[in-house]
Amino acid sequence: MQGKCRMMINPILVAALVVAGSASFLSSLMIVATERWHGFHSLDHDMSAAQKFHTRPVPRVGGISFFIGMLAASVYFFLREEIDIALVNVKLLLAVLPAFLIGFIEDVTKKVSIATRLLATFASPLIASWLLGAILPRMDVWIIDVLLKVAPIALVITAFASAGIANSINIIDGFNGLAGFTAIMILGSMGALAWRLDDVFMMQLAMTSVGIALGFLVFNFPTGRIFMGDSGAYFLGFWIAEIAVLLIVRHPSLTAWQLLAICAYPVIEVIYSIYRKKFIRKMSPGLPDRLHFHMLVYRRFVSRIVPSSEMRPWLRNAMTTATLMAVNAPFAFLALYYGDTKRAAIACIVAQAFLYMAIYARLVRGHWCLNPIIGLGLLPENKTKSI
């Protein structure tokens, strides 16, 4: 039965992925080719900021490519009379507008406040809840599941969780291809999970999203000719969050912990970043710094083993992404194939969090520490090596 299902859906699935990817590719190509005309607004000229690691001004409006790619996929589904998925795509495009537009304004002006961006990423899942009924019915945590039975609270929790995912993709968007490949890893895993659940609809939705990321990555990785910007990060993060919510809504047997395990890397990055800024560095969690995990991997590991190259100034940048994906992809695989029980999914999350914190503390201090509290970066040492 599954083999027959695969043969039936493959042509439409592959075609939708190609349409979305091609539209995203062509849009990215146009942005790169015409940057001299719009570069005054679109180029990221600030290369000295805390979280910047590129060596030349680059357009940071790649989110446009995602929107156009998904719009093209929606048109394709309408033409193929796949009305249900076309309507869901269109409704998600309408819902993502607040986060996408505020992100785009930030990309071209660099003047949107953190609070405004947070509110926008909070508003988009609220709209999705209204248009699609995408409201978390459970999170497999007893007290939260009790609260989710109250509709207004369920809306707030859903919006908060979705906004968290959207912002987590934005936080890891620091090196060529990192956010894009992470999104592909997560969306591809969700698509495979939908396939295992015999949910062709959700598999098509997830894999179409993979297509838009692939089209963009042609110009983003390894050379960094275009960045997704806040608009693109919010777009992909929103799409990931809504697919996760819809999977939980549609499949009562699916544990929410498995989806969290698939999304673990960016979520762990956000939670630990808030913790270390608030409790270790005594600073506002909203302020940027140069101590995110991917930045430390670049400065303390990749920069030491990969020689600099004037011919390929992007090499170290790209190798940072390759290093991080080599670490994170196996955990997504484990979460997909072995995380179908709550206990196994939690074990996968804990293992990834433990590894993340241990390596993070090692990169910061320059040595391993046998004290688990210090060795996992939960408390600072009195003296650490300067960064």
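In terms of the numbering used here, the sequence shown opens at residue 307 and continues consecutively.
Even for Gly, the Cβ is constructed at its ideal location relative to N, Cα and C.
Because the structure is a prediction, the values reported are computed rather than measured.
Is it buried or exposed, residue i, if we count other Cβ atoms within 10 angstroms and call 16 or more buried?
i, result
"G683", "buried"
"Y771", "Since the displayed the chain opens at 307 and closes at 693, residue 771 lies outside it and no answer follows."
"M307", "Since pLDDT at M307 reaches only 40, below the 50 mark, its modelled position is unreliable, and the value read off the structure follows with that caveat. Classification of M307: exposed, given that the 10 Å Cβ count is below 16."
"Y643", "exposed"
"W545", "buried"
"T717", "Past the boundaries of the shown model lies residue 717; the chain is included only from 307 to 693, so the question cannot be answered."
"R618", "exposed"
"A457", "exposed"
"A489", "buried"
"S615", "exposed"
"R649", "exposed"
"V551", "buried"
"M589", "exposed"
"I408", "buried"
"I374", "buried"
"R610", "exposed"
"I459", "exposed"
"T647", "exposed"
"G672", "exposed"
"D504", "exposed"
"V670", "buried"
"I655", "buried"
Leaving out five residues on either side along the sequence, give the residues of the same chain with a beta carbon under 8 Å from the beta carbon of residue i.
i, result
"D390", "F507"
"N677", "none"
"S380", "A392, N395, V396 and L399"
"F410", "V367, G369, I370, G535, D536 and S537"
"A322", "A379, Y382, F383, Q510, M513, T514 and G517"
"I549", "L493, M496, M508, L511, A512 and S515"
"V612", "L621, R622 and M625"
"V364", "L349, D350, G530, R531, I532 and F533"
"F527", "N482, G483, G486, F487, A624 and T627"
"V324", "G517"
Measuring only the C-alpha atoms, how far is residue i from residue j?
i, j, result
"M496", "F487", "14 Å"
"L542", "F372", "8 Å"
"R386", "A326", "14 Å"
"V576", "G530", "24 Å"
"L461", "L442", "8 Å"
"L553", "A500", "8 Å"
"P404", "A426", "5 Å"
"L349", "R362", "9 Å"
"K691", "R596", "Only weak support is given to the placement of K691: the predicted model assigns it a pLDDT of 45, under 50, and the question is left unresolved by the model."
"P594", "W343", "30 Å"
"V338", "K416", "20 Å"
"G439", "I679", "43 Å"
"A455", "T422", "According to the sequence shown, residue 455 is Lys rather than Ala. In a straight line, the C-alpha of K455 is about 29 Å away from that of T422."
"S334", "P558", "39 Å"
"P591", "V418", "17 Å"
"F637", "L453", "30 Å"
"S330", "I318", "18 Å"
"S430", "A485", "20 Å"
"E341", "S328", "20 Å"
"L520", "M336", "16 Å"
"L630", "R582", "20 Å"
"F522", "A632", "21 Å"
"S579", "V573", "10 Å"
"V603", "I420", "26 Å"
"V447", "T561", "10 Å"
How far does the alpha helix (DSSP H) with residue i in it extend, from its first residue to its last?
i, result
"S430", "I420 to L438"
"T626", "L621 to Y644"
"T464", "A457 to I477"
"W674", "Taken as a continuous stretch (DSSP letters only), W674 belongs to no alpha helix (DSSP H), as it is neither H nor E."
"E548", "G535 to R556"
"D390", "I389 to T415"
"H344", "E341 to S348"
"P711", "No statement about residue 711 is possible, as the shown extent of the chain runs from 307 to 693 and does not include it."
"M496", "L484 to R502"
"G592", "Note, G592: premise wrong, no alpha helix (DSSP H); not H, not E."
"G521", "V506 to N526"
Quick one: residues in its chain with C-beta nearer than 6 Å to the C-beta of residue i, no 5 flanking neighbours on either side, listed in chain order?
i, result
"Y571", "N634"
"D413", "R366, V367, G535, D536 and S537"
"R556", "none"
"G681", "A667 and C675"
"I586", "P686"
"Q658", "A570 and F637"
Near residue i, which residues of its chain fall below 7 Å by C-beta distance, leaving aside the five closest residues on each side in sequence?
i, result
"D451", "R444 and M445"
"F599", "E575, Y662 and Y666"
"I652", "W563"
"F406", "G369, F373, S537, Y540 and F541"
"V402", "S430, F541 and F544"
>> So, does the segment 620-633 touch the segment 475-482, judging by three or more C-beta pairs under 8 Å?
In response: yes
> With a cut-off of 8 Å, do at least 3 Cβ pairs link the segment 515-528 to the segment 462-477?
Replying inline: no
> Is the segment 429-448 close to the segment 458-472, with three or more CB pairs under 8 Å?
Replying inline: yes
> Within the chosen definition, does the segment 559-573 reach the segment 637-652 through at least 3 CB pairs nearer than 8 Å?
Replying inline: yes
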